[in-house]
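Take a look at the structure set out below.
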Amino acid sequence: MRWYVFKIPWQANLFLALISGSVMVISWFFFSKLHHFFDSFFPYENGIIMRMIPQVLLTFVFVLVVSGVTVSWVMSLFPFSSLIAQQYTDLAKVAGYFAQFLVVLLINVLHLSDYLFHKWRENATRAILLEKEKSQVQFDNLKNQLNPHFLFNSLTSLDSLIQENPDLARQFLQQLSKVFRYVLQHKEKGLVPLYTEIDFIKNYVFLLQTRFETSLTIDFQISDESLEKKITPVTLQILIENALKHNIVSAVHPLTIRICSDDQYLKVENNIQPKKQVETSNGQGLQNLKNLYKFLTDTPFETVIHNGKFVAYIPLIV
Numbered sequence: 010m011r012w013y014v015f016k017i018p019w020q021a022n023l024f025l026a027l028i029s030g031s032v033m034v035i036s037w038f039f040f041s042k043l044h045h046f047f048d049s050f051f052p053y054e055n056g057i058i059m060r061m062i063p064q065v066l067l068t069f070v071f072v073l074v075v076s077g078v079t080v081s082w083v084m085s086l087f088p089f090s091s092l093i094a095q096q097y098t099d100l101a102k103v104a105g106y107f108a109q110f111l112v113v114l115l116i117n118v119l120h121l122s123d124y125l126f127h128k129w130r131e132n133a134t135r136a137i138l139l140e141k142e143k144s145q146v147q148f149d150n151l152k153n154q155l156n157p158h159f160l161f162n163s164l165t166s167l168d169s170l171i172q173e174n175p176d177l178a179r180q181f182l183q184q185l186s187k188v189f190r191y192v193l194q195h196k197e198k199g200l201v202p203l204y205t206e207i208d209f210i211k212n213y214v215f216l217l218q219t220r221f222e223t224s225l226t227i228d229f230q231i232s233d234e235s236l237e238k239k240i241t242p243v244t245l246q247i248l249i250e251n252a253l254k255h256n257i258v259s260a261v262h263p264l265t266i267r268i269c270s271d272d273q274y275l276k277v278e279n280n281i282q283p284k285k286q287v288e289t290s291n292g293q294g295l296q297n298l299k300n301l302y303k304f305l306t307d308t309p310f311e312t313v314i315h316n317g318k319f320v321a322y323i324p325l326i327v
C-alpha cells in the first residue's frame with residue numbers, strides 16, 4: 010500500500026500521458042474524417058455557424074466517448090490506476106470535461122481560421138487575375154481601335170501617292186504590309202524583344218513621315234544592351250499615336266519624338282504643342298497601358314511633363 014501512495018505522482022503522470030496521447034491521436038483522425046464529411050455535405054459557404062455548431066458538438070461527444078473508453082482500458086491494464094482515479098473529485102472531472110471542450114473548440118476555430126485565410130488568398134489571387142484580364146482586354150481594344158484609324162490614314166496617303174509618285178507608293182505599300190504583318194503575328198503575345206519592336210516601329214515611322222514629311226522627326230538612341238529586353242507589343246505605336254493625336258504637326262510647328270533607353274527604361278518624349286481640338290478620345294489609352302505593365306513588372310510605367318515635354322518611361326523587362 011505504501012508503495013502505491015509513494016508512487017502516485019509518477020503513476021498519475023504516466024496515466025494522464027497515456028490517456029491524453031491516445032485521445033489526441035484518435036480524435037485527430039476522427040476530426041480529419043469529420044472535416045471531409047462536412048466539406049462535402051455542409052460546406053462553410055452555406056453558413057459558418059450552421060457548420061461550426063454540429064462539428065464542435067460531434068467532435069466533443071466523440072472525445073468524451075474516446076476518453077471514457079481509454080480510461081477504462083488503462084485502468085484494466087494498471088492495478089494502481091484505481092487509486093489514481095480516487096484522487097479526482099467530481100469538480101475535477103467537470104473541469105477536465107470543460108478543458109476537453111475548450112481544446113475541441115480551439116481545434117475547430119484554428120481549422121476555420123485556416124479555411125478563411127486560404128479563402129481570402131484565393132479571392133485575392135482571383136481578383137488580381139480578373140484585373141489583369143480586364144487590363145489585357147482594354148489594351149486589346151485599344152490596339153483594335155488604333156489599327157483601323159491608322160489604316161484609314163495610310164490608305165488616304167497611298168491614294169495620293171499612286172498618282173504623284175508610283176515608286177514611293179509601291180515602297181509605302183510594302184512597309185504598310187510589314188506593319189500589319191507584325192501586328193497580326195504578335196497580337197496574342199504578352200511581350201516581345203525590344204529589337205523586334207524597334208524594327209516594327211521604323212517601318213511604321215516610314216509611313217508617318219511619308220504623310221507628314223519634315224513636319225515629323227523621330228530619333229532613336231537605343232543601347233545594344235537594351236535591345237534584348239522586352240516590352241509589350243505596339244507600345245511604341247500607341248505612344249506615337251498619342252503624341253500625334255494631342256499635338257500640332259505642321260511645317261511651322263514640327264513635332265519631334267525622341268526614343269532612347271537606359272538600364273531600366275525605354276524613354277519616349279515629345280515636345281508639347283497642344284491642338285485646340287483633339288480627336289475623340291476617352292483618355293484611357295495610356296492608363297490601360299499603365300495597368301497592363303503593373304502585372305508584367307514591379308517597375309512602374311510613368312508619364313511626366315518636364316520642361317515643355319511629355320515623357321513616358323516604359324519599363325524594360327528582362
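Be aware that the sequence shown starts at 10, since it is given in the numbering used here, and climbs by one per residue.
Ideal Cβ positions, reconstructed from N, Cα and C, are used throughout, including at glycine.
Spatially closest choice to residue i from the options, by CA coordinates
i, options, result
"Phe319", "Leu138, Leu253, Glu54 and Phe304", "Leu253"
"Phe69", "Phe50, Thr219 and Val113", "Val113"
"Glu237", "Ala260, Val327, Ile227 and Thr308", "Val327"
"Val118", "Tyr53, Gly199, Gln286 and Ile137", "Tyr53"
"Phe161", "Phe38, Val34, Leu298 and Leu216", "Leu216"
"Val5", "Val34, His45, Lys198 and Thr226", "The shown model of the chain, from 10 to 327, leaves out residue 5, and the question about it has no answer."
"Tyr213", "Ile247, Ile323 and Phe110", "Ile247"
"Leu66", "Arg135, Glu173, Ile240 and Leu115", "Leu115"
"Phe209", "Glu222, Phe189 and Leu200", "Phe189"
"Tyr191", "Pro175, Lys211 and Gly317", "Lys211"
"Leu200", "Leu73, Arg135 and Leu245", "Leu245"
"Tyr124", "Gln172, His195 and His45", "His45"
Residue i classed as buried or exposed, judged by whether at least 16 other C-beta atoms fall within 10 angstroms
i, result
"Ala321", "buried"
"Gln183", "exposed"
"Asn55", "exposed"
"Thr98", "At Thr98, the pLDDT of 49 sits below 50, so the modelled position is not reliable and the matter cannot be decided from this model."
"Phe126", "exposed"
"Lys198", "exposed"
"Asp297", "For clarity, residue 297 is Asn in the given sequence; the question names Asp instead. The residue in question, Asn297, is buried, as its Cβ has 16 or more Cβ neighbours within 10 Å."
"Glu128", "As written in the sequence, residue 128 is Lys, which differs from the Glu given in the question. Exposed, by the Cβ-count rule."
"Val78", "exposed"
"Met10", "Residue placement at Met10 cannot be trusted, given a pLDDT of 41 that sits under 50; what the coordinates show is reported in the next sentence. Classification for Met10: exposed."
"Ile137", "exposed"
"Ile323", "buried"
"Ser270", "buried"
"Ser36", "buried"
Contact check, residue i vs residue j, beta carbons under 9 Å
i, j, result
"Ser235", "Leu325", "yes"
"Phe310", "Glu250", "no"
"Asn300", "Pro283", "no"
"Leu193", "Phe181", "no"
"Ile314", "Leu275", "no"
"Asn280", "Leu305", "no"
"Gln273", "Thr308", "yes"
"Glu206", "Val261", "no"
"Leu43", "Phe71", "yes"
"Ile266", "Thr241", "no"
Whole-Å CB distance - residue i paired with residue j, under 8 Å assumed
i, j, result
"Val277", "Ser224", "With a Cβ gap of about 18 Å, Val277 and Ser224 do not count as contacting."
"Ile268", "Asp233", "At roughly 15 Å, the Cβ-Cβ gap does not stay under 8 Å, so Ile268 and Asp233 are not in contact."
"Gln64", "Phe47", "6 Å"
"Leu164", "Ala178", "So it is not a contact: roughly 11 Å between Cβ atoms."
"Leu121", "Met59", "Not confirmed; about 13 Å, so no contact."
"Lys239", "Leu295", "Not quite, the Cβ-Cβ distance comes to about 20 Å (not below 8 Å), so this is no contact."
Residue i at chain B interface by Cβ criterion, 9 Å
i, result
"Thr312", "Protein chains in the displayed structure number just one, and chain B is not present."
>> In chain order, what are the residue ranges of uninterrupted beta strand (DSSP E) at least 3 long that sit wholly in the stretch 172–258?
In response: 225–230
>> What ranges does the beta strand (DSSP E) occupy inside the stretch 281–320, keeping only unbroken runs of at least 3 residues that lie completely in it?
In response: 311–315
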